[in-house]
Each structure stands twice: as C-alpha cells, then as structure tokens.
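For reference, the structure discussed in these notes is given below.
Number of protein chains: 2
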Amino acid sequence: MVFPPSGAVPAAGVMPTFQFLPFSALLGTLGLLCVVFTGFWSQHWRGGFAWDGSTKMFNWHPICMVTGMLVLYGAAVLVYRVPSSWAGPKLPWKLLHAALTLAAFVLVVLGLVAVFGFHNAQGTPNMYSLHSWLGLAAVLFFSCQWLMGFTAFLLPWSPAWLRIIYKPVHVFFGSTILALAMAASISGINEKLFFSLTNKTVPYAKLPPEAWFANSLGMLILVFGLLVLWALATPAWKRPESESLEDRQPLLH
Amino acid sequence: MVFPPSGAVPAAGVMPTFQFLPFSALLGTLGLLCVVFTGFWSQHWRGGFAWDGSTKMFNWHPICMVTGMLVLYGAAVLVYRVPSSWAGPKLPWKLLHAALTLAAFVLVVLGLVAVFGFHNAQGTPNMYSLHSWLGLAAVLFFSCQWLMGFTAFLLPWSPAWLRIIYKPVHVFFGSTILALAMAASISGINEKLFFSLTNKTVPYAKLPPEAWFANSLGMLILVFGLLVLWALATPAWKRPESESLEDRQPLLH
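Protein sequence lines correspond, in order, to chains A and B.
Residue numbers for the first sequence, in our numbering: 1 to 253.
Residue numbers for the second sequence, in our numbering: 1001 to 1253.
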C-alpha cells in the first residue's frame, strides 16, 4: 500500500492507493480464476464442449462471454492505467486497447452464436429472459463503443473536436458496459443453475456441490468486476492529460 | 446541461456536467417508477399483498427491497451531493443521511422477514441461489456500513483519526453495496419469473405481458442504479473538503 507522498497517514477523504502493478497482478489472477472456474463448471458438471447444437455447444456461451466480455475487456480498459503508458507515444497503447477489445468482441460473437445455435437446434425461443435482455444491451453498447472508438481515436482524419467531446463519453460507457456485463453474467449463472439442477439431478435448493461451485463463480465475477471498476475510478491511476504530448501527436493521439 | 465555466466547449477529458437538482428530479422519478412497477407487478400479476406465509407474503420481499435497498438508499447516498449542504453545519445532513439509511435498513429487514417467513411456511429451503447469496452479502455489508458510520461519524467521542481513515472506506463501500443490491435485484427478478411463469400459466419463454413488464422493471432498476453510481462518481458534485469547516465543528463534523 502506498500512501500519498505527504506522509504516513492519508489526507482527509483520500483513499490510500495501492501500487498499480501488484493490484493488476491480483486482478489478473482473479480474472484467470473466473475463466478456469467457468471452464471447470462446463467440463466437470455440464458435459464439456462441442459444436453440435447440444448443451455441449451451449457451454461455449459462458466461457466465451466470461473470457471476452469480462476478463479481456477488463484487461483492455486498464491499458491506459499502466504507468509506463503515460510517457512516450500513445499509439502503441491505443492499438493494444483496440486489439484487446477486438479479441473480446470476437469471443462475444462466438458466445452469441453458441447460445443462438443451441436454442435454434433445440427449438427453444431466444431473447425472452431478463438475462438475455441485459446481455444483448451489453453487446450492443460494446459494438457501438468499439466502432465509435475506432472512428474517433484511430482514424487519423477524425477531427480534434470529435475526440475531445467523445472521449469522456467513451470513458463513461466503458464502465457502464462492464457493469451491464457483470449483471448479465450473474443473472445468467443463476438462471443456468435453475435450468440444470432440477429434480432429475439434485435440485438447486438442495445446494449440491455444483451449486456451491457456480454460486462462488458468480461472487468471484462480482469481486473481479467491482475491482476493475474501482481501478478505473481511482484518480491516482488516471493518465494525466498532457496538452504538449497531444501537440506532438497531432494525428494519432 | 452546464459546461465548465471556461467556455462553451468542455475541456479535454471532462464530461459535461448536468445541474444536480434537475438530475436528482430525474433520479427521483426513475426511483418512484421502480417502486410503482414493483408494486404493480405484485398486485396485478402475483396476487397482491398479505402477511400469511403465502406468495402474497413473499410479495413484500421485492417491494421492501427495491424501496429500501435501492431507492431510499439511493436518496441517502446523494444527500452530501446537494449543493446547499456544502455551506453551514454538516450535522443536519448527517442526521438526514443516517435517518434515510436507517429507514432503508428497516425495510430491508421487513423484506428479509417476508421471504424467510414465506419459505418456512412453504417448506422451501433458504439461501441456496446465487441471488440469495448476493442479497445476503449486500445486507451484511449494509448493516456493517450503518453501524460503522454511526460509530465513526455520529458518536461525538469518536476520534478524528478514525473519521479521517474510515471516511474513504465508507464512501467506497457506499457504491459497492449499491452495485451488490442492483445485481441481487436483477437476478431476483429473473429467478422469480422462471418460478412464476411455468407451463401452468404462460411460460416465460413465450414472453407474456408479465415477462415484458418485469424485464422492463429490471432494466429500469439497472438504469436508476447506474445513474446514482454516476452521480456519486462525478467530481463536480462532490462536497469540497474544508479544513476550516471541520475546525469549526470539532465534535460532530
């Protein structure tokens, strides 16, 4: 833990800040655990993975969404918080941010294809539950966010006024989309357990090991997401606005 | 919309800020709609309210939780953002904050009694779903938050160092508890619709009017909660730290 330079006790109203890199290592561990837990749940209790319209195809849905929409997305939004990104050219960090969010987007599309393919093969209706509404909202916002980010911040001919006006909106929706993805993941896990743990197996209400495990996964996703949101909101980790830096990078700042 | 005083265009990276009071009026309307929607859902589709161990007793659970843990809580956390609270004594605003959160706490306890009473009367197990885990975490954190807040900020003999160190922690958990309550509400609505809309009525998957209505309530709760979190995070609305003010209010600042 690092206190502000003024002394050993934080100033009134100031949260003691942690060092960014150890905090990121913790986040990376938690994110990896989210993916491993989701994979283990699908493999151990839900029959594993396939691409054949069965529940094994459905299993690609949670793994793609957790990996893409939460973990890769979480890594992508924290790129500008890496202290070494603050000096020197911004372009490599921008490309990394765009590449990570693009990889997340590809996984999200695969995750959607998996669940729609499974539903259509089984004759199950799509898009009726609150989980699906939240998830679709997250994906739609995420798509617009990527396209707008690319247009405003990567195309060299986008005007400076557009970047200035759009940047805080982009930053705000970055957190909002993550919150939507968290709510969608949690309602999705809850819903999946009600579908899967019925009287044919052991009911959810009897809290079998699978329920313990997947409930814990839900709590883990919540902790991971809240810590990413906290890291995003921590003023000490924000990239300082540097006009001179932007003057040196007139096209691709 | 009010831009920063420097001119008609916001400075780079600065979100244009809205006026707090009209924004609060919007939040108040959305919060009221959340309560009215929850009441209408219970009254119109779920049989109304009673305190007899039936599903009518359960119906007190969502109405108490949405009113207490989201709407009253949302009002309570925004008390210090009211611009007129920044000048003059802090104590009346503190008492209002404590009273609103206490009222929220009473409703939350009633909401818990309603659901445990219903489960016990029906022989349904308690505390197995991810929704219930999230909800219990929210309530436990909220209880600790209230007790710690009372101890540190209202008891006149609490030491200044405790207030200084604890304040940012209290502020951080204020947002975290709201996020937990949002995730619990959304997974709870999703779960309730799967319980209620079965083949005996019209299945959830057929998206009957009740499903449309309650899904919309879930989205409304999300929008309300995210806007409260946004208001909390907006730097322009934060109460300025005033050392001189605290000097004048040595005991009850």
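Beta carbons: idealized from backbone N, C-alpha and C, even for Gly.
task = List the residues of chain A that A1138 (chain B) touches, going by C-beta distances under 9 Å, in chain order.
result = Residues of chain A whose Cβ lies closer than 9 Å to the Cβ of A1138 (chain B) do not exist; the shortest such Cβ separation is about 10 Å.
task = Compare the C-beta of T1101 (chain B) against all C-beta atoms of chain A and say whether one is closer than 7 Å.
result = no
query = Around the Cβ of T1067 (chain B), are there at least 16 other Cβ atoms within 10 angstroms (buried) or fewer (exposed)?
reply = buried
query = For the candidate residues B:V1082, B:V1106, B:L1193, B:I1189, whose alpha-carbon lies nearest to that of A1231 (chain B)?
reply = B:V1082
task = Determine whether the Cβ of N190 (chain A) lies closer than 7 Å to any Cβ atom of chain B.
result = With 7 Å as the cut-off, N190 (chain A) counts as an interface residue toward chain B.
inquiry  = Do V77 (chain A) and V108 (chain A) have their beta-carbon atoms positioned less than 7 Å apart in this structure?
reply    = no
task = Kindly indicate if chain A contains any beta-carbon less than 7 Å away from that of Q1061 (chain B).
result = Reading off the sequence, residue 1061 (chain B) comes out as His, not Gln. No, H1061 (chain B) does not count as interfacial toward chain A.
message = Using only the alpha-carbon positions, how far apart do N59 (chain A) and A1025 (chain B) sit?
response = In a straight line, the C-alpha of N59 (chain A) is about 44 Å away from that of A1025 (chain B).
task = Please go through the stretch 1043 to 1082 of chain B and give each complete alpha helix (DSSP H) segment of 4 or more residues, from N-terminal end onward.
result = Runs of the alpha helix (DSSP H) inside the stretch 1043 to 1082 of chain B: 1055 to 1058, 1060 to 1065, 1073 to 1077.
message = Assuming the contact rule is C-beta atoms closer than 8 Å, W51 (chain A) and F105 (chain A) should be a hit. Round their C-beta distance to whole Å, please.
response = Their Cβ separation, rounded to whole angstroms, is 20 Å, which puts W51 (chain A) and F105 (chain A) out of contact at 8 Å.
request  = Kindly list, in the order they appear in chain B, the residues whose Cβ is closer than 9 Å to that of W86 (chain A).
outcome  = Residues of chain B passing the Cβ test: none, with the nearest at roughly 14 Å.
query = So, is the C-beta of S1006 (chain B) closer than 7 Å to a C-beta in chain A?
reply = Confidence in S1006 (chain B) is poor, its pLDDT being 38 and thus under 50, which makes the residue's placement too unreliable to answer from.
Buried versus exposed, by CB contacts within 10 Å (16 or more), G91 (chain A) = Correcting the residue identity first, residue 91 (chain A) is Leu in this sequence and not Gly. Exposed, by the Cβ-count rule.
message = To the nearest angstrom, how far is the alpha carbon of G1074 (chain B) from that of C1144 (chain B)?
response = Roughly 17 Å between the two C-alpha positions.
message = Using a Cβ-Cβ cutoff of less than 7 Å, which residues in the same chain neighbour I1189 (chain B) once the five nearest sequence positions on both sides are dropped?
response = A1214, L1217, G1218
ask   = Which one of B:V1036, B:S1132, B:F1153 has the shortest CA to CA distance from L204 (chain A)?
value = Looking at the sequence itself, residue 204 (chain A) is Tyr, so the reference to Leu does not match. Comparing Cα positions, the closest option is B:S1132.
key: Rounded C-alpha distance that separates P1089 (chain B) from L1027 (chain B)   = Between P1089 (chain B) and L1027 (chain B), the C-alpha separation is close to 26 Å.
Proximity test, Cβ basis, 7 Å: T55 (chain A) and chain B = no
query = Can you find a CB in chain B that lies within less than 7 Å of the CB of A25 (chain A)?
reply = no
ask   = Would you say F20 (chain A) faces chain B, with C-beta separation under 7 Å as the test?
value = no
request  = Please report how far the alpha carbon of L1229 (chain B) lies from the alpha carbon of S187 (chain A), in whole angstroms.
outcome  = 20 Å
task = Give a yes or no on whether the minimum CB-CB distance between N126 (chain A) and chain B is below 7 Å.
result = no
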